[in-house]
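Colleague:
Protein chains: 2
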Amino acid sequence: MNIGEIARRAGVSRSTVSYVLSGKRAVSEPTRQRIQAVIDELDYRPNANARALKEGRTRTLGLVIPPASQRLTDMQLGFVASVVEAAARADLDVLLSPSGGDHDRSFERIVTGRRVDGVILMEIRLEDDRVARLRRSPLPFVTIGRTAEPAGTSWVDVDYEGLIARCVHHLADLGHRHIALVNRSAELVAAGYGPGHRALAGFGQGVTERGLTGVDLCCGDDASAGEAAMTRLLATHPDVTAVATINEAALPGLQRALEAEGRQVPRDFSVIGVAAAHWAEDFHPPLTAADVPTLDMGAEAVALLLERIAAPTAAPRHHLYRPPISLRASAAPAPPR
Amino acid sequence: MNIGEIARRAGVSRSTVSYVLSGKRAVSEPTRQRIQAVIDELDYRPNANARALKEGRTRTLGLVIPPASQRLTDMQLGFVASVVEAAARADLDVLLSPSGGDHDRSFERIVTGRRVDGVILMEIRLEDDRVARLRRSPLPFVTIGRTAEPAGTSWVDVDYEGLIARCVHHLADLGHRHIALVNRSAELVAAGYGPGHRALAGFGQGVTERGLTGVDLCCGDDASAGEAAMTRLLATHPDVTAVATINEAALPGLQRALEAEGRQVPRDFSVIGVAAAHWAEDFHPPLTAADVPTLDMGAEAVALLLERIAAPTAAPRHHLYRPPISLRASAAPAPPR
DNA sequence: AGCCTGGGTTGAATCGATTCGACCACGAGG
DNA sequence: CCTCGTGGTCGAATCGATTCAACCCAGGCT
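Protein chains in written order, with the numbering used here: chain E, 1 to 337; chain U, 1001 to 1337.
1. Residues of the segment 89–119 of chain E with a CB closer than 8 Å to any CB of chain U: list them in chain order, please.
2. DSSP beta-bridge partners for phenylalanine 141 of chain E?
3. Taking the CB atoms as reference points, tell me whether aspartate 291 of chain E and proline 323 of chain E lie closer together than 8 Å.
4. Less than 8 Å between the beta carbons of phenylalanine 107 of chain E and isoleucine 120 of chain E, yes or no?
5. Does the distance from the C-beta atom of glutamate 1248 of chain U to that of alanine 1275 of chain U stay below 8 Å?
6. For serine 82 of chain E, go through chain U and note every residue whose CB falls closer than 9 Å to its CB, in chain order.
7. Whose C-beta lies closer than 8 Å to the C-beta of glycine 1152 of chain U among residues of the same chain, with five residues either side of it excluded?
8. Apply the 10 Å Cβ neighbour rule to alanine 379 of chain E and answer buried if 16 or more other Cβ atoms are within range, or exposed otherwise.
9. What's the C-alpha gap between valine 1302 of chain U and alanine 48 of chain E?
10. Whole-angstrom Cβ separation of methionine 1001 of chain U and leucine 1042 of chain U, contact assumed at under 8 Å?
11. Output needed in chain order: residues of the segment 1202–1223 of chain U with a Cβ under 8 Å from some Cβ in chain E.
12. Which one of E:Arg210, E:Thr245, E:Asp268, E:Ser137 has the shortest CA to CA distance from proline 238 of chain E?
13. If we define contact as Cβ-Cβ less than 8 Å, is alanine 1199 of chain U a contact residue for chain E?
14. When DSSP labels each residue in this structure, what does histidine 242 of chain E get in the three-state scheme?
15. Does any CB atom of chain U fall closer than 8 Å to the CB of alanine 132 of chain E?
16. Is the Cβ of asparagine 1047 of chain U closer than 8 Å to any Cβ of chain E?
17. Going along chain E, which residues have a C-beta under 7 Å from alanine 1052 of chain U?
18. Return yes when the Cβ of threonine 294 of chain E is within less than 8 Å of the Cβ of alanine 331 of chain E, no when it is not.
19. Less than 8 Å between the CB atoms is what I'm expecting for leucine 1254 of chain U and glycine 1202 of chain U, so what's the real figure, rounded?
20. Helix, strand or coil: how does DSSP classify proline 1030 of chain U here?
21. Pick out whichever of U:Arg1114, U:Pro1312, U:Thr1060, U:Ile1124 has its Cα sitting closest to the Cα of glycine 1145 of chain U.
22. Should aspartate 296 of chain E be flagged as near chain U, meaning a C-beta pair shorter than 8 Å?
23. With a threshold of 6 Å on Cβ separation, who are the neighbours of tyrosine 193 of chain E within its own chain once the five nearest residues in sequence on each side are excluded?
24. If you measure from the beta carbon of histidine 284 of chain E to each beta carbon in chain U, is any gap under 8 Å?
25. When the Cα of threonine 1147 of chain U is compared with those of U:Leu1181, U:His1176, U:Val1131, which residue comes out closest?
26. On the CB-based measure, 16 or more other CB atoms within 10 Å of its CB, does threonine 236 of chain E come out buried or exposed?
27. Per the DSSP calculation, isoleucine 1325 of chain U is bridged to which residue(s)?
28. Report the three-state DSSP secondary structure of glycine 262 of chain E (helix, strand or coil).
29. Can you pull the chain E neighbours of histidine 1278 of chain U, defined as C-beta to C-beta under 9 Å?
30. Would you mind sorting alanine 1310 of chain U into buried or exposed? The rule is 16 or more other CB atoms within 10 Å of its CB.
31. Among the candidates E:Ser22, E:Thr213, E:Ala250, E:Gly214, whose CA atom is the shortest distance from the CA of threonine 231 of chain E?
32. Which first and last residues belong to the beta strand (DSSP E) in which isoleucine 1392 of chain U is found?
33. Tell me alanine 339 of chain E's beta-bridge partners as DSSP assigns them.
34. Rounding to the nearest angstrom, what Cα-Cα distance links valine 1080 of chain U and leucine 1095 of chain U in this structure?
35. Determine the chain U residues that contact glutamate 85 of chain E at a beta-carbon separation under 9 Å, and present them in chain order.
36. Give me, in chain order, the residues of the same chain whose beta-carbon lies closer than 7 Å to that of valine 240 of chain E; leave out the 5 immediate sequence neighbours on both sides.
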């Protein structure tokens, strides 16, 4: 069933039906009603491909997610969900591409097959092949996260550096002298994963500013890895009384290891972090943390992308999120020595 | 840059270029190489919309997920990830539709706009509007989960009824006499959510077969709800010594409440469930559970869908998963009275 | 009465592919 | 030498929309 069928049944030309659909030209009321009646009766909806072909836009956004092999963190999931929802609100569909490297077939299809009007990229590295690839293409895109050289690109990101520095200061204020940073996995950091490096920088900065001693360690993105990492930390650095972390997925494991070693949070040991908002509240004990507003960020990423699609030559914009640290129950004054 | 451009540069007709691309007709080797060279040089890729328009298929699958407002459970996330990955392996893209009810705009776009070749539906209710809608349409579809009347539809599902019954038997074997079922949220169950009802049936069956006393309760899909539910349960039914559950998201909360009440798992209290495979292992203590193979199920859903797309009139197939219960550390003999 | 204006409608071109039938040249077979 | 077959190529139709230019006709104005 196509537009011609509607036209025939309504006794008008195809163009008139099109104008009823789009409202781009005046159509007399009787004709309009007649056509609309046929459309309703047959439950007609224009073929999206034909429309996309002619109009040159697909009303679809591409979202590049980490390959499915690795489980999404809560924060990533929050981004995906909010991007999808924001797109749906704008009557846009979302095409998913689970892409790791640069020369991924799915990624190439999306970028070069004109299947989408724009792309949102996640899990950005300081040097990112995919970003480089998109910069060379005419396709508008926005990143959640940013490269080492983010000027010239629209992005949203979390100020991990500043936030972790603030966490360190908070711990210092509470009297902690020996603290640790639990980073993301060693592979991610080695690959130049932005938040990992920026968190490390912020940690170093905070530690030196306050004259603390700090250890940093990498840790896989799951509870078991967290448990192992924390067990090792407690063994090798028994004087550490607090950790800051950007690794939400490891948190349950950290907690478990502390319990196993008889360290009670927050009485004996403080935990503070940067985490998706709901995570922190749902944790036990409720986590003192900078609550990353994944919902807002995803929506903002979509908004920025729509801007770039509407005006590709306009100056790119960005939004660095710096949520305040919500004081909950997982950080407390350092235990007496 | 379109196929005409390539043809012009190579000095051939558009059809010849098309035949090089598709290989559907013989092209002399010199011509083929010349054309291929131009294609490579310009990094040309055919416009997906034009192709879809002509061919009548989009090489895209639709995946209908629960609306973004509610967070995805681990099992749902597992399904999404594996569907996306399986589709990518088959060089198919996945279009996401976050749809709750029947008359969702995004859902309608997908179903009727010919944007996808087929649809995978999740979170199926016993009476499901979306399934009914798709049955009326010519679009092939597969469900993860099944309705009350699943004949005539291709689906994959977990045998919640049988599995929960087995869980009950296992608990009975261990000597537990008073057990509880922690179901999904009251709203879901009230809405006719399949697993909720089937788990309840299996629970009832097991309990009567073994002459146990059983309580069942609904519980929201998050840790706090789980904590509240378990606290209430322990207060109202102090003689309960074990729970079975299909609500993975509530598990951390159940655990917390038990701890708070001084009940140690599994010494004083057993927990057993049906959960995504990785969840169970990552839990603490490692969860005795029927491990739902989300990866296989997503891949199988895609395979079934491809079958239906290839042969829409063939008899629908299905696959009911009945994973064995993996004995881990969360269930043990009932404590002495 | 003739002309102009403009709302309403239509026909035809176009987007970028695929594919069928036709055509051409060349070599084999009678 | 003529015909037939065939590998290789091309032209044109087609998929289902959008949109521009043209046209028609009714009403207002001079």
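Even for Gly, the Cβ is constructed at its ideal location relative to N, Cα and C.
Modeller: Checking against the coordinates, here is how it stands:
1. Cβ contacts with chain U: Asp91, Asp93, Val94, Leu95, Leu96, Ser97, Pro98, Arg105, Ser106, Glu108, Arg109, Ile110, Thr112, Gly113, Arg114, Arg115.
2. Indexing the first sequence from 1 puts residue 141 of chain E at position 141. Paired residues: E:Val119.
3. On the first sequence, residue 291 of chain E is found 291 positions in, with the first residue counted as 1. On the first sequence, residue 323 of chain E is found 323 positions in, with the first residue counted as 1. Between aspartate 291 of chain E and proline 323 of chain E, the C-beta gap is smaller than 8 Å, which places the two residues in contact.
4. As a working note, residue 107 of chain E is residue 107 in the first sequence. As a working note, residue 120 of chain E is residue 120 in the first sequence. Taking 8 Å as the Cβ cut-off, phenylalanine 107 of chain E and isoleucine 120 of chain E do not qualify as a contacting pair.
5. For the purposes of this step, residue 1248 of chain U is taken as the residue at position 248 of the second sequence. For the purposes of this step, residue 1275 of chain U is taken as the residue at position 275 of the second sequence. Alanine 1275 of chain U sits close to glutamate 1248 of chain U, with the two beta carbons spaced by under 8 Å.
6. Reading the first sequence from its first residue, position 82 is the one you call residue 82 of chain E. Within chain U, the residues near serine 82 of chain E are Ala1068.
7. Against the second sequence, residue 1152 of chain U aligns to sequence position 152. Here the set comprises Arg1135, Pro1316.
8. One cannot answer for residue 379 of chain E here, as it falls past the ends of chain E, which runs 1 to 337.
9. By 1-based counting over the second sequence, the position of residue 1302 of chain U is 302. By 1-based counting over the first sequence, the position of residue 48 of chain E is 48. In this model, valine 1302 of chain U and alanine 48 of chain E are separated by some 23 Å (Cα to Cα).
10. Residue 1001 of chain U sits at position 1 when you count from the first residue of the second sequence. Residue 1042 of chain U sits at position 42 when you count from the first residue of the second sequence. Confirmed, about 6 Å.
11. Within the segment 1202–1223 of chain U, those residues whose Cβ lies closer than 8 Å to any Cβ of chain E are, in chain order, Asp1222, Ala1223.
12. In the first sequence, counting from the first residue as 1, residue 238 of chain E sits at position 238. Cα-wise, what sits closest to proline 238 of chain E is E:Asp268.
13. As a first step, residue 1199 of chain U is located in the second sequence; it is residue number 199 there, counting from the start. With 8 Å as the cut-off, alanine 1199 of chain U does not count as an interface residue toward chain E.
14. Translated into the one-based positions of the first sequence, residue 242 of chain E becomes position 242. Inspection of the sequence shows that residue 242 of chain E is occupied by alanine rather than by histidine. Residue state, collapsed to three classes: strand.
15. To locate residue 132 of chain E, count along the first sequence from 1; it is residue 132. It does not; no Cβ of chain U falls within 8 Å.
16. Position 47 of the second sequence, counted from the start, is the residue given in the question as residue 1047 of chain U. Contacts with chain E at 8 Å (Cβ-Cβ) include asparagine 1047 of chain U.
17. Residue numbering aside, residue 1052 of chain U sits at position 52 when the second sequence is read from its first letter. Under the 7 Å cutoff, chain E gives Asn49.
18. As a working note, residue 331 of chain E is residue 331 in the first sequence. As a working note, residue 294 of chain E is residue 294 in the first sequence. Going by C-beta atoms, alanine 331 of chain E is not nearer than 8 Å to threonine 294 of chain E.
19. Taking the second sequence and counting its residues from 1, one reaches residue 1254 of chain U at position 254. Taking the second sequence and counting its residues from 1, one reaches residue 1202 of chain U at position 202. With a Cβ gap of about 19 Å, leucine 1254 of chain U and glycine 1202 of chain U do not count as contacting.
20. Position 30 of the second sequence, counting from 1, holds the residue named residue 1030 of chain U. Helix, per DSSP.
21. For the purposes of this step, residue 1145 of chain U is taken as the residue at position 145 of the second sequence. Closest by alpha carbon: U:Ile1124.
22. To locate residue 296 of chain E, count along the first sequence from 1; it is residue 296. Taking Cβ atoms only, chain U never reaches closer than 8 Å to aspartate 296 of chain E, which makes this a no.
23. Taking the first residue of the first sequence as position 1, residue 193 of chain E is located at position 193. Arg125, listed in sequence order.
24. To locate residue 284 of chain E, count along the first sequence from 1; it is residue 284. Using a CB distance cut-off of 8 Å, histidine 284 of chain E counts as an interface residue toward chain U.
25. As a position in the second sequence, residue 1147 of chain U is number 147, starting the count at 1. Closest by alpha carbon: U:Val1131.
26. By one-based count along the first sequence, residue 236 of chain E stands at place 236. The residue is exposed, with fewer than 16 neighbouring Cβ atoms inside 10 Å.
27. Reading the second sequence from its first residue, position 325 is the one you call residue 1325 of chain U. Beta-bridge pairing by DSSP links isoleucine 1325 of chain U to U:Ala1290.
28. Reading the first sequence from its first residue, position 262 is the one you call residue 262 of chain E. Three-state result, glycine 262 of chain E: coil.
29. Taking the second sequence and counting its residues from 1, the one referred to as residue 1278 of chain U is at position 278. Correct list: Arg71, Asp222.
30. To locate residue 1310 of chain U, count along the second sequence from 1; it is residue 310. That one is exposed.
31. Translated into positions along the first sequence, residue 231 of chain E becomes position 231. The alpha carbon of threonine 231 of chain E has as its nearest neighbour, out of E:Ser22, E:Thr213, E:Ala250, E:Gly214, the alpha carbon of E:Ala250.
32. Nothing can be reported for residue 1392 of chain U: it is not among the residues displayed for chain U, which extend from 1001 to 1337.
33. With chain E covering 1 to 337 only, the question about residue 339 of chain E has no answer from this structure.
34. Residue mapping note: residue 1080 of chain U aligns to position 80 of the second sequence, counting from 1. Residue mapping note: residue 1095 of chain U aligns to position 95 of the second sequence, counting from 1. Put simply, the backbone Cα of valine 1080 of chain U is about 11 Å away from that of leucine 1095 of chain U.
35. If you number the first sequence from 1, residue 85 of chain E lands on position 85. Residues of chain U passing the Cβ test: Pro1067, Ala1068, Ser1069, Pro1098.
36. Taking the first residue of the first sequence as 1, we reach residue 240 of chain E at position 240. Residues His178, Ile179, Ala180, Val215, Leu233 of the same chain have their beta carbon placed closer than 7 Å to that of valine 240 of chain E, with the five preceding and five following residues left out of the count.
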